[in-house]
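Read the structure below first, then the notes.
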Amino acid sequence: MTSTPRTRAREQTMRDIVRIGREHLVATGPTALSLRAVARDLGVVSSAVYRYVRNRDELLTLLVVDAYDELGDAVDAAVDGAAEPLAQFRQLGRAVREWALREPARYALLYGTPVPGYEAPGEQTTAPGTRVIVALTTILERAHSTGAGGSTPIAAPADSGSARAGALAADFARIRDEFGLTLTDDALARGVLTWAALFGAVSFEVFDQYGSDTFTDPGALFERHLAHLAQMAGL
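Pasting the structure below:
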């Protein structure tokens with residue numbers, strides 16, 4: 001269906017609002033976002049903006065979805081260019097790091113300190129927010145199904161009671177069903193740890209947790225981290 005001039009104008013205004021919102025996010029941080037300030041930079045009265053975005057939380061949601069989608073696009077593009085699971089995993093990790101270092105304010109919005117008083121609506125943010133983990137599990141599943149992955153299973157902790165083990169097994173079964181996976185419980189546990197450690201490594205660099213004088217080449221450290229994470233994931 002061909003869009004009407006009014007529809008195209010509305011879509012352009014929404015793009016402008018997101019663009020200006022990004023600029024304000026970098027300049028002032030998420031807690032200081034103001035629709036009045038966005039309206040001023042858009043060149044309209046504040047009441048006009050409220051016809052598109054009702055409040056600050058809606059603006060934050062637009063920025064969250066926009067950031068998740070751009071990160072997801074970067075990961076998908078990087079992974080598509082790699083031939084086998086190990087190379088795909090390395091490209092995924094590099095894409096996450098490169099985007100985070102290029103967009104630290106937007107990365108912080110997604111993975112930093114929660115914005116006080118804001119709760120992201122799951123119906124809008126869950127799908128874009130899980131794109132990276134979906135890409136990762138797809139890589140692990142491909143490796144598992146083609147015989148390119150695998151590692152010696154680790155025994156369950158000695159203090160894990162039957163109730164705890166049963167609950168975790170049920171969680172893994174639900175995840176397998178939700179994502180269409182055949183990975184074993186041990187492979188899923190490794191995958192979750194790989195996911196958490198990957199973003200932990202990126203966050204330490206983005207938020208300067210190592211300190212300015214600890215590593216002269218953080219990229220080299222990250223490549224070493226990727227090698228260890230790939231081994232842990234069974235790649």
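For the sequence shown, position 148 matches number 148 in full-length UniProt numbering, and the numbering has no gaps at all.
Even for Gly, the Cβ is constructed at its ideal location relative to N, Cα and C.
Mapping DSSP to helix, strand and coil, what is residue i?
i	result
Val206	helix
Thr182	coil
Phe215	coil
Thr130	coil
Leu235	coil
Thr4	coil
Gly147	coil
Going straight from the alpha carbon of residue i to that of residue j, what length do you get?
i	j	result
Arg102	Ser203	13 angstroms
Ile17	Met232	42 angstroms
Tyr111	Val132	13 angstroms
Leu235	Arg164	28 angstroms
Leu168	Asp177	14 angstroms
Tyr210	Gly147	37 angstroms
Gly191	Phe89	11 angstroms
Asp66	Ser162	43 angstroms
Val64	Pro114	12 angstroms
Val96	Arg36	33 angstroms
Gln91	Tyr68	17 angstroms
Ser34	Asp57	10 angstroms
Phe172	Gly219	33 angstroms
Gly166	Ala196	23 angstroms
Leu25	Ala170	40 angstroms
Thr214	Ala100	20 angstroms
Gly72	Pro5	30 angstroms
Ala27	Asp80	34 angstroms
Ala82	Ala9	39 angstroms
Thr7	Glu205	42 angstroms
Ser145	Pro85	11 angstroms
Ala32	Leu109	13 angstroms
Give me the residue from the options with the minimum Cα distance to residue i.
i	options	result
Leu188	Ile175, Ala48 and Met14	Ile175
Pro116	Leu86, Leu60 and Gly72	Leu60
Glu70	Glu98, Glu58 and Val49	Glu98
Gly200	Asp217, Pro128, Leu229 and Asp80	Leu229
Ala135	Ser145, Ala108 and Ala74	Ala74
Thr137	Leu109, Glu11, Asp76 and Gln12	Asp76
Ignoring anything shorter than 4 residues, give me the alpha helix (DSSP H) runs that lie fully in the stretch 87 to 124, in order along the chain.
104 to 111
Inter-stretch contact (C-beta, 8 angstroms, three-pair minimum) for the stretch 9 to 27 and the stretch 49 to 61:
yes
Tell me the start and end of each unbroken alpha helix (DSSP H) in the stretch 21 to 86 that is at least 4 residues and wholly inside, in chain order.
35 to 42, 46 to 49 and 56 to 80
Could you check whether the stretch 90 to 110 touches the stretch 34 to 46, counting it as contact only if at least three pairs of C-beta atoms, one from each stretch, sit closer than 8 angstroms?
no
I want to know whether the stretch 124 to 144 touches the stretch 183 to 201 - three or more CB-CB distances under 8 angstroms.
yes
Inter-stretch contact (C-beta, 8 angstroms, three-pair minimum) for the stretch 214 to 233 and the stretch 120 to 134:
no
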